[in-house]
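When you read off a place in the sequence shown, starting at 1, and then add 2, the result is the number in this note's numbering. Virtual Cβ for every residue (Gly too), placed ideally from N, Cα, C. From a predicted model like this one, the values you see are computed outputs, not experimental measurements.
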Amino acid sequence: MSKIEITPEQERLARFAKAMGHPTRIAILHFLSQRNECFFGDIHEVLPIAKATVSQHLSELKEAGLIQGTIEPPKVKYCINPDNWSVAKQLFAKMFDDWCPSKKNSCCS
Numbered sequence: 003m004s005k006i007e008i009t010p011e012q013e014r015l016a017r018f019a020k021a022m023g024h025p026t027r028i029a030i031l032h033f034l035s036q037r038n039e040c041f042f043g044d045i046h047e048v049l050p051i052a053k054a055t056v057s058q059h060l061s062e063l064k065e066a067g068l069i070q071g072t073i074e075p076p077k078v079k080y081c082i083n084p085d086n087w088s089v090a091k092q093l094f095a096k097m098f099d100d101w102c103p104s105k106k107n108s109c110c111s
C-alpha cells in the first residue's frame, strides 16, 4: 500500500475547517455575510462575549483568510474575503461530493 500524501488543497481545507470549528466564529461569519458592505464597528457589541474573546476569534478567521479587516483608528473594518470564501466553498463542495462513498459501496451498512 502506498503512502498518502497531503495535498495543498487538503491543507487549505483543513485550515478553513479549523477556523470555522467554533460556534462563535460561525456566528461572526454569518453576521458578516449578512452585510452588503464591510462592517465598521465593534462586533463584540452584537455578540454576548468579551471583547478580547471576539478579537481572538476575528484573528483566527482573518489568519485563515475567510475574513479581511483593517484597523483605521478609531474604527475597525471587517468583511468576508470573497476570493477565499469562494475557494472554501469549492473545496468543501468537492470534499462532500467526491469523497462521500455511495451507500452500496459502504462497508459499514
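- Task: Report the rounded CA-to-CA distance for ILE73 versus GLN58, giving the unit in angstroms.
- Result: The count along the sequence shown starts at 1 and reaches residue 73 at position 71. The count along the sequence shown starts at 1 and reaches residue 58 at position 56. Each residue's Cα considered, the two are about 15 angstroms apart.
- Determine the contact status of LEU34 and LEU93, defining contact as a CB-CB distance below 8 angstroms. Counting from one through the sequence shown, the residue named residue 34 turns up at place 32. Counting from one through the sequence shown, the residue named residue 93 turns up at place 91. Result no, Cβ atoms of LEU34 and LEU93 do not sit closer than 8 angstroms.
- How far does the beta strand (DSSP E) with VAL78 in it reach, from first residue to last? Within the sequence shown, the letter at position 76 stands for residue 78. Residues 77–82.
- Identify whether THR72 lies in helix, strand or coil by the three-state DSSP scheme. Here residue 72 corresponds to residue number 70 of the sequence shown, with the count starting at 1. Secondary structure of THR72 (DSSP, three-state): strand.
- Message: I need the straight-line Cα distance from ASN38 to GLU65, nearest angstrom please.
- Response: Taking the sequence shown and counting its residues from 1, the one referred to as residue 38 is at position 36. Taking the sequence shown and counting its residues from 1, the one referred to as residue 65 is at position 63. Whole-angstrom Cα-Cα distance: 22 angstroms.
- Spatial distance of TRP101 from TRP87 (CA atoms): Translated into the one-based positions of the sequence shown, residue 101 becomes position 99. Translated into the one-based positions of the sequence shown, residue 87 becomes position 85. Spanning the alpha carbons of TRP101 and TRP87 requires a straight line of approximately 21 angstroms.
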